[in-house]
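In UniProt numbering, the protein residues as written are 1 to 279. Report on the structure given below.
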């Protein structure tokens, strides 16, 4: 695991909590989400994400122009490649890459069918270059839409945190199945003790590091050790895994919020083969 400090404030060290922050985390345990409600959230996960996109349409997430700064392969190394965006939302990741002139074959899926509809309604949508489809990455056979062993680069950008931890390994195994041997997976998600985690009030914690948002969607907060273990157990090898420390600053509203993410690159190392039983 490559974990070197840099000017970009990447680190291998977990955040040291202040006494106030530790007390806030402890207070969250005073009232947990009930088992019944937790099961209801899992059952209605897709419905809640559809409602999210019904409310917000394409306005909530901005186009992610920062990705070429954070992942070297996206800046120089994607020509004539097959890209699979897992959890594509309304296309805020891959559309900017195509606008930059990248010659990509794009596959994109999302849990929300409403999000996929927005992808297809976008003026930039080209069915010759883009295949967008609804999928549950924890249960569906992704090779029904993405050729098995075809993907050069897959992405999981703020996606795995919305999945129940018990289904992490299954989701990653399904993604690995459609990747080329040695293909690269780019990961970015919420890090342990991110400000958003510390701000949850009692009644929102489902399990350790897993929370319910007000709209019924969920978020999980990862340590770098856990991310490395999860991916390695699913058949990937770690290239880089770091905490990324950023500050969200809004001078107009006098807001300065420290954020913590986990950013990583993994290489697929297991070749999956489909065995057809002879008759």
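We put the beta carbon where it would ideally sit given N, CA and C, even for glycine.
Considering only C-alpha positions, which residue in the set the options is nearest to residue i?
| i | options | result |
| --- | --- | --- |
| residue 210 | 11, 32, 188 | 32 |
| residue 230 | 213, 179, 173 | 173 |
| residue 166 | 207, 151, 202 | 207 |
| residue 155 | 34, 40, 266, 28 | 266 |
| residue 170 | 136, 68, 84, 215 | 136 |
| residue 126 | 49, 95, 216, 13 | 95 |
| residue 110 | 84, 128, 236, 37 | 84 |
Excluding sequence positions up to five away, which residues of its chain have a Cβ less than 6 Å from the Cβ of residue i?
| i | result |
| --- | --- |
| residue 71 | 186 |
| residue 150 | 82 |
| residue 248 | 257, 259 |
| residue 74 | 67, 68 |
| residue 203 | 31 |
| residue 13 | none |
| residue 10 | 242, 244 |
Using C-beta distances below 8 Å, list every residue in its chain close to residue i, excluding the 5 sequence neighbours before and after it, in chain order.
| i | result |
| --- | --- |
| residue 280 | Past the boundaries of the shown model lies residue 280; the chain is included only from 1 to 279, so the question cannot be answered. |
| residue 183 | 151, 152, 153, 154, 267, 268 |
| residue 21 | 193, 198 |
| residue 188 | 70, 156, 157, 158, 244, 261, 262, 263, 264 |
| residue 217 | 45, 48, 49, 52, 162 |
| residue 129 | 98, 104, 105, 106 |
If you measure from the beta carbon of residue i to each beta carbon in chain C, is any gap under 8 Å?
| i | result |
| --- | --- |
| residue 85 | Here there is only one protein chain, and chain C is not present. |
Would the beta-carbon of residue i fall within 8 Å of that of residue j?
| i | j | result |
| --- | --- | --- |
| residue 143 | residue 180 | no |
| residue 112 | residue 213 | no |
| residue 153 | residue 107 | no |
| residue 255 | residue 175 | no |
| residue 234 | residue 264 | no |
| residue 29 | residue 205 | yes |
| residue 215 | residue 48 | yes |
I think residue i touches residue j, with their Cβ atoms under 8 Å apart; what is that distance to the nearest whole Å?
| i | j | result |
| --- | --- | --- |
| residue 133 | residue 53 | Contact flag wrong, Cβ pair sits at about 15 Å. |
| residue 241 | residue 228 | 5 Å |
Near residue i, which residues of its chain fall below 7 Å by C-beta distance, leaving aside the five closest residues on each side in sequence?
| i | result |
| --- | --- |
| residue 138 | 163, 167, 170, 171 |
| residue 114 | 50, 53, 54 |
| residue 27 | 202 |
| residue 24 | 198 |
Given 8 Å, three or more beta-carbon pairs between the stretch 100-107 and the stretch 71-81
yes
Touching by the beta-carbon criterion (3+ pairs, under 8 Å), the stretch 88-97 and the stretch 121-128:
yes
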